[in-house]
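Heads up: take any position in the sequence shown, counting from 1, add 836, and you land on the working numbering. We treat Cβ as the ideally placed atom computed from N, Cα and C, and that holds for glycine. Here the structure is laid out as structure tokens; the discussion comes afterwards.
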Amino acid sequence: MNKGVLNLVSVGPGYEEMIIPRAIKALQDSEVIVAYELYLRWIGPHIEGKEIHTPPLTQERERALLAIKHAREGRKVSLISSGDIGIYAMAALAFDDMREDDTFDVNVIPGVTSANACASLLGSPLSHDFATLSLSNLLCPWEWIEQRATRIAQADLACVFYNVQSAGRQEGVYRILQLMLAHKAPHTLCGVVRNAYRPDQQVSIHRLDELPGMKFDMLTSIVIGNRFTQRKRDWIFTPRGYNDWSESAEAEAAAQLPQQAAWVFSGTGDGNALAAGLAASGQRVVISAATGYGGELAQQDCPGAFVWAGRQGVEARRQALRASGARVLVDATHPFATQISQQLIELSRELDIPYLRYERPSALDAADPYACADMEEAAARAIAAGKRIFLATGSKDLASFLQAPGAQERQWFARVTADPDFVRRALELGVPRANLCAMQGPFSQGFNEALWRDWGIDCVVTKDSGEAGGYRAKAQAARALGIPLITVRRPALDYPQVANDLDAVHAQLAQWLGA
């Protein structure tokens, strides 16, 4: 009897040119081919005249057992898998079903897996340490998936998600993205790739905080960068060296921070005003802004305060707060920036630093008929109500509207902060240049009226951002023009301690700081 051969063959993402020569030779030398039927399209010229078996997609173990049966009979067999057969694929099942007394030869032939293929289409996002994570709980308890996702996020590893979403698993990916946002910066660069190196290939680049508003499927992989991942032209990449991110560099950066200061996490005009008032009273103040542009505004608005701006992840914040001996943490971020607020609450508890939330008062009528619970509801109502829709929700949430069902049948207009990254994001999502207003708010009723009248706007969407965010002026302008103003309510968050006006903030800080 001839000695059998079991070739475990990887055929890559979907094009013949992505299959290595050793895999093609194994296919040509085999008598029996066992594969999911879809894979035969990629390898047809190399398997003519072979005995072919194609158990359906759900019968992975049956395929493995069938291939082993023929190898035990002394035949040369190729068991096929897309990507790399040893990564989330058929090789493990084959080894699982082999016996110690089997005598057939085994050849494991590597291939281009989804992580490699997607990374190559995005640029070079996996150039440093990274992880892969399957979001399918068919063979792994969901609790384990969440635990692993949390550890990946805490370590700020770049990562690739496999098996992102299926008809029976709609919500899991959004839970994992929230775990990512709990530890990674919201502006972390990411890529979404569907059908890599196959017909209907789709590749796009997003911020991490944009992903929860998107839809995915089993043909999609998600690549999450780390805090150092950068964009250049239409690509993202993660530097091989971390730009002197070392203990000495951290110590040097921390040494520049004022010691025993009050930290104000801002990004809004009233947050800057709060920091400026504290600095004017003689307090040492650090004001933290999420972007370079926000830092420039803080420098203008807060003379006497130290501005700490830029892309800072949770670990950088932890080290800076600890090293500078922060005395109090004031959360004056935007009412919708719940991820950063949750992060700051956790850091305050961990580091035993008093936390105070400055929550600008709401201007939304509790009985407003156009109030919505979230962006998805607002998108559906806007598409139903208008044809020329103006988005005053900020750049982060544009995808929730522009990718909603029926969105392609509407004309979209948007106002974003005059930051190059925000403008580019709006353009990439499909807002025409002629429909984009890039200016720093808030805006007067008259300005809103003139802009919306000239553009022929028949529906406006905004957030419940309060008076400081220009909500009242938008509401008055919409009323004057007789068009609906759809408003997204603030997300509920259990803040440990809240002040709703600047006097209350100063009074509480005076008590804590002994001023």
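Near Ile945, which residues of its chain fall below 8 Å by C-beta distance, leaving aside the five closest residues on each side in sequence?
Only Asn843, Leu844, Val845, Ser846, Ile856, Arg858, Ala859, Ala862, Ile921 meet the Cβ criterion.
Ends of the beta strand (DSSP E) at Val1267?
It is not in any beta strand (DSSP E) - Val1267 carries neither H nor E in the DSSP assignment.
Give the secondary structure of His1042 by DSSP, where H, G and I count as helix, E and B as strand, and everything else as coil.
Three-state result, His1042: strand.
Pick out whichever of Leu1192, Lys1299, Ala1286 has its Cα sitting closest to the Cα of Leu1338.
For the residues Leu1192, Lys1299, Ala1286, the minimum Cα distance to Leu1338 belongs to Leu1192.
Tell me, which residues are paired with Ala1207 by DSSP?
Ala1207 pairs with Thr1323.
Which residue wins for smallest C-alpha separation from Gly1277, given the options Pro961, Ser1301, Trp1099?
Nearest C-alpha to Gly1277: Ser1301.
Could you tell me which residues DSSP puts in a beta bridge with Gly919?
Answer is Gly848.
By Cβ distance below 6 Å, which residues in the same chain neighbour His1042 in space, the five residues on each side in sequence not counted?
Within the same chain, His1042 has close Cβ partners Cys1026.
If you measure between the beta carbons of Ala1125 and Ala1145, is that distance less than 8 Å?
Against a cut-off of 8 Å, the Cβ pair of Ala1145 and Ala1125 comes out as a contact.
Taking the beta carbon of Trp1348 as the centre, do at least 16 other beta carbons fall within 10 Å, making it buried, or is it exposed?
So Trp1348 counts as exposed.
Comparing C-alpha positions only, which one of Ala1112, Pro1190, Leu1093, Gln1096 sits nearest to Ser1102?
The option with the nearest alpha carbon to Ser1102 is Ala1112.
Excluding five sequence neighbours on each side, which residues of the same chain lie with their C-beta closer than 8 Å to the C-beta of Ser963?
These residues qualify, in order along the chain: Phe1073, Thr1074, Pro1075, Arg1076.
Going residue by residue through the region 1134–1217, where are the continuous beta strand (DSSP E) segments of at least 3 residues, counting only ones entirely within it?
For the region 1134–1217, whole beta strand (DSSP E) runs of length 3 or above, ordered along the chain, are 1142–1145, 1164–1167, 1191–1194.
In whole angstroms, what is the alpha-carbon distance linking Arg1289 and Ala1250?
When rounded, the distance between both Cα atoms is 14 Å.
Give the straight-line distance between the Cα atoms of Ala1228 and Arg1315, rounded to the nearest whole angstrom.
Each residue's alpha carbon lies about 16 Å from the other.
Would you say Ala1335 and Tyr1194 are within 8 Å of each other, going by their C-beta atoms?
A contact, by the Cβ cut-off of 8 Å.
In chain order, what residues of the same chain lie with their CB nearer than 8 Å to the CB of Tyr875, ignoring the 5 residues before and after it?
Answer for Tyr875: Val847, Ile916, Ser917, Ser918, listed in chain order.
Per DSSP, Gly1027 forms a beta bridge with which residues?
Beta-bridge pairing links Gly1027 to Ile1041, Val1059.
Hey, how far is the Cα of Arg1224 from the Cα of Leu1238?
Computed Cα separation, rounded: 12 Å.
Just grab the DSSP bridge partners of Phe1226 for me.
Note: Phe1226 sits in a beta bridge opposite Phe1249, Val1296.
Mapping the DSSP letters down to three states, classify Cys954 as helix, strand or coil.
Looking at Cys954 - three-state DSSP - the assignment turns out to be helix.
Using C-beta distances below 6 Å, list every residue in its chain close to Val1029, excluding the 5 sequence neighbours before and after it, in chain order.
Cys954, Leu957, Val1039, Ser1057.
Mind checking Asp1167: buried by the 16 CB within 10 Å criterion, or exposed?
With 16 or more Cβ atoms within 10 Å of its Cβ, Asp1167 is classed as buried.
Kindly list the residues whose CB is nearer than 8 Å to the CB of Asp1080, restricted to its own chain and excluding five residues on each side of it in sequence; keep chain order.
Note on Asp1080: pLDDT 47, under 50, position unreliable in the model; the coordinate value appears next. Result list for Asp1080: empty, nothing under 8 Å.
Evaluate Trp980 with the Cβ neighbour count: other Cβ atoms within 10 Å of its Cβ, from every protein chain shown; 16 or more gives buried, anything less gives exposed.
By the 10 Å Cβ count, Trp980 comes out exposed.
Give me whichever residues DSSP pairs with Ile869 in a beta bridge.
Ile888, Ser914.
So if DSSP puts Ser970 in a beta bridge, which residue, or which two residues, is it bridged to?
DSSP lists Tyr998 as partners of Ser970.
Using the three-state DSSP reduction, which class does Asn1284 fall into: helix, strand or coil?
Note: Asn1284 maps to helix in three-state DSSP.
Go ahead and label Lys992 buried or exposed: buried means 16 or more other beta carbons lie within 10 angstroms of its beta carbon, across all protein chains shown.
Sequence check: residue 992 is Asp here, not Lys. It is buried - the Cβ of Asp992 has at least 16 other Cβ atoms within 10 Å.
Looking only at its own chain, which residues have a Cβ that is under 8 Å from the Cβ of Met1211, when we skip the five neighbours before and after it?
Excluding positions up to five away in sequence, the list reads Gly1049, Thr1229, Asp1233, Ser1236, Phe1237, Val1324.
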